[in-house]
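So the protein sequences, as listed, match chains A and B.
Numbering that gives the first Met the number 0 applies: residue 0 is where the first sequence begins, and numbers increase by one.
Numbering that gives the first Met the number 0 applies: residue 0 is where the second sequence begins, and numbers increase by one.
Each residue gets a CB set at the ideal place from its N, CA and C atoms; glycine is no exception.
Since the structure comes first, as C-alpha cells, the remarks are kept for the end.
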Amino acid sequence: MPTPTLTQFIVITLVQCLLVVIFVFVVVPLTVFAERKVLGYLQQRLGSTRVASGHVGVTGWMNRGMWKWGRIPVLSYWRGIPGLVADILKLILKEDVIPAKADKFVFFIAPALSMVSAVVVFAAVSFVPGVFFTFPAWFPLVGGLPVSGGIADINVGLLWILGVASVGVYGIVLAGWASNSKYPLLGGLRSAAQMVSYEVPLAISLLAPVVLTASLNFGEMSTRMAVGLPFWGLVPQILGFLIYLTCGFAETNRLPFDMPEAENELVAGFHTEYSGMKFGFFYLAEYINMTVVAALAAGFFLGGPWLLPFGLQGLLIPASVPFIGQPHAIFFAVKIIFMLFTYIWVRGTIPRYRYDQVMSVAWKYLIPMALANLLLAALVRCFAV
Amino acid sequence: MEHLLETIGRNMFAIFGVMTLCGAAFMVASRSAVHSVLGFLFAMLCIAGCFLSLEAEFLGMAQILVYAGGIVVLFLFVVMLVEMSKKREKEVFQLQSRYAVVAVLVGAAVFVGVFRKVIFGAASPEALVLRPELAQGLNVANQNAQAVSRSLFADFLLPFEILSVILLVALVGAVVLAKTERV
C-alpha cells in the first residue's frame, strides 16, 4: 500500500470531513422531522402533515384515496417532509435581530462556539475499524489510496471528545450573558451549572470502558468493547450505558433535563434574544450534540460497527460468519439513528425535572452509581480479562 | 504545494505560539472582563495546539479538558456574576496601571534571568528527557498517555500523591473559608 504524501493526506482528510458533515447534515434535519412525527404519534396525533406535496407525491396520492374511503390516512408518515425546506429557508432568510444593549462580539461568537464544538467532536469518532473504502485508481491526485473509517483515530481520542464537548458550554453561557437580558442570563447560568455537574458522572461512566479496554483510542475501545470482553463484562457495560445515557440527555439539554430553555419558566432560555441563522446555529448544535452522544453510546456500549450490543457480539457471533460477523458502517449508522429515536421517545414519555431535582440526581445518585460501576469494571478487568 | 504544506507543518509550533500570544494580549488589553476570559480561552486552546505540534497529545488534550473545559468556565462564571458595575472596574484598572508597569518589568527581568539559556543559548541537539529509561518499551510518539501514566503512577507516585493531598487541603480550606463567611 503506497504511503500518501502530505498533500494527498490532507485531501483524504478533507474528504473524510466532508463525508461526516454530509452524514450529520442528512441525519439532523431528518431527526427534526422525526421528532415532530414521532412525538405526534406518541401523543395520539398526526404530527406535521400540512406542508406536503399533495397531488404529486406518492403518499399524498395514497392518502387522498384513503380520505375518500372515509379512513384516517395511516400512510401519512412522510407528509410534512417538504416543511423541512420551509424551515431551513425561514432560518436563513429571517431578519437577524441584535438587541441594542447586547455585547455584539460575544453575541456573534457564542453560536459559532456552540456549533464548532459540536461538529469537531466527530474528528475522533471512528465509524469502521480499518479501511472504509479505497479510491479507484482513476481518481485524480488520491487514486488507489485507502480512506480510513475515522478522520483522526488518535491515541487520546476519548480525551479529545470530552475536552471539546466541555468547550461547548461556552456557547450557551456566553449567549446567555451577551444577550443582556434576564431570562437568557438565568438560562445560561442554569446550563453552566447543569452541564459542569453532569460532565463529572459522564466522564466517570466513560472511564469504565477505558478500564475494561485499557485504551483511550475510540476505534480500539469500540472494537474491544464489542468483541474482546468476557461474559462478566456485560454488567458494567449495561450499567454504564444507562448512566451514560442519562448524563448524555442532560449534557445535550434535552428533556427531561432541558433546564436551560425550559419554555414555561424562561421563555426560551439562553437563545431568547437570538433570531435568524444565529438561532439556527444553536438549533443545529443541539441536534448535532444529540448525534454525538448517540454516536458515543453506539461506539462504546452498543457495539459500534458490529451487530450486537454490550459485547454480546464477541460472545455469540464468531468473526467467520459472513456479513453479521464483520463490522459495517451501516450497523453504526443504524445504532445512531435508534439512539436518536430514543431521545424523542424519552421526550414524549418523561416530564421535566425540577431544577433542584436535576442537580441532586447528578450529585447524589449518578456520581456514586458511576463510581460503583467503575469499581465493577475494575473488578472485571482484574479477575476476568 | 507539497513544499508549502510541509513548511506550514514544520512551523506549526510557531504559528500556535503567536496565536497564544495574541490571545494573551487580547486578554490583558480588553476592558470587558468577559472578553478577557474569551482571550484566555483562546490562549489556552492555542497552548493545547502547541502541545499537539510537539507530539504531546495527552498533554494537549489534558490542557483542553482541564483548562478550557474546567477552569476557564469557572472564571467565566465568576466574572459574569461580578461584572455588574462596569464603572468601578474601570477605575480599578486605572489605579493599577502604574504598579502594573513595575510588576511587568520585574516579571520580565525574572523571566529573562531564568530562561536566558533557553532563549539565547544554542538549541540542544536532542530533546530533553528527564528519565529516558521510563519510556522503555513504549513508542512515546503513539503512546504518550501510557508514558505519562507510567511516570506518574510508578516512578513519581509519592510526589504525585503529595500534590493531590495539597490540592485537597486547598479545596477543603476554600470550602471552610466560604462557609465561615456566610454564617
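Below 9 Å on C-beta distance, what does residue 160 of chain B contact in chain A?
Result: empty, since nearest Cβ-Cβ is about 19 Å, beyond 9 Å.
Inter-residue Cα distance where the pair is residue 123 of chain A and residue 266 of chain A:
36 Å
Sorted by chain position, which residues of the same chain lie with C-beta nearer than 8 Å to residue 27 of chain A's C-beta, five sequence neighbours on each side aside?
283, 286, 287 and 290
Taking 9 Å as the CB-CB cut-off, is residue 102 of chain A touching chain B?
yes
Pick from A:195, A:220, A:203 and A:226 that is closest to residue 242 of chain A, judged by C-alpha positions
A:203
On a Cα-Cα basis, can you pick out the residue from A:323, A:199 and A:378 that is closest to residue 365 of chain A?
A:199
With 9 Å as the C-beta to C-beta threshold (strictly closer), list the residues of the segment 57-76 of chain B near chain A in chain order.
57, 59, 60, 61, 62, 63, 64, 65, 67, 68, 69, 71, 72, 73, 75 and 76
Relative to the C-alpha of residue 320 of chain A, which candidate in A:306, A:301 and A:208 has its C-alpha closest?
A:306
Contact set between residue 45 of chain A and chain B, taken where Cβ atoms lie within less than 8 Å
None at all; the shortest Cβ gap to chain B is about 43 Å.
According to DSSP, residue 133 of chain A sits in a beta bridge with which residue or residues?
A:145
Taking only three categories from DSSP, how would you classify residue 127 of chain A?
Per DSSP, reduced to three states, the secondary structure at residue 127 of chain A is strand.
Determine the burial state of residue 312 of chain A: buried for a count of at least 16 other Cβ atoms within 10 Å of its Cβ, exposed for fewer.
When all chains shown are included, residue 312 of chain A counts as buried.
In chain A, which residues lie with their C-beta within 9 Å of the C-beta of residue 33 of chain B?
102, 105, 173, 176 and 177
So does the segment 153-160 of chain A actually touch the segment 89-97 of chain A, counting three or more Cβ pairs closer than 8 Å?
no
Can you list the residues of chain A that residue 54 of chain B reaches, using a CB-CB cut of under 7 Å?
Per Cβ cutoff of 7 Å: no residues; residue 54 of chain B is ~10 Å from chain A at best.
Are the C-beta atoms of residue 177 of chain B and some chain A residue less than 9 Å apart?
no
Considering only the beta carbon of each residue, do residue 7 of chain A and residue 141 of chain A sit closer than 9 Å?
yes
Using a Cβ-Cβ distance under 9 Å, would residue 10 of chain B count as near chain A?
no
Just checking my contact of residue 208 of chain A with residue 220 of chain A at CB under 8 Å: how many whole Å lie between their CB atoms?
6 Å
Closer than 8 Å, Cβ to any Cβ of chain A: which residues of the segment 142-156 of chain B, in chain order?
Flagged, chain order: 142, 143 and 144.
List the residues of chain B that residue 165 of chain A touches, going by C-beta distances under 9 Å, in chain order.
In chain order: 63, 64, 67, 68, 69 and 72.
Is the beta carbon of residue 183 of chain A less than 9 Å from the beta carbon of residue 270 of chain A?
yes
Buried versus exposed call for residue 19 of chain B [16 or more other C-beta atoms within 10 Å across all chains shown]:
buried
Since residue 167 of chain B meets chain A, which of its residues come closer than 7 Å, beta carbon to beta carbon?
Neighbours of residue 167 of chain B on chain A: none; closest Cβ ~16 Å, over 7 Å.
If you follow the alpha helix (DSSP H) that residue 224 of chain A is part of, which residue opens it and which one closes it?
217-226
Going by beta carbon distance, what residues of the same chain come within less than 7 Å of residue 109 of chain A, once the five residues before and after it are set aside?
Counting only Cβ-Cβ distances below 7 Å, and skipping sequence neighbours, we find 170, 173, 174 and 177.
Between the segment 37-57 of chain B and the segment 70-84 of chain B, can you find at least three pairs of beta-carbon atoms closer than 8 Å?
Cβ pair count under 8 Å is three or more, so yes.
Taking the Cβ atom as the reference point for each residue, do residue 168 of chain A and residue 195 of chain A lie within a distance shorter than 9 Å?
Contact flag set, yes.
So which of A:327, A:186, A:163 and A:378 has the shortest CA-CA distance to residue 43 of chain B?
A:163
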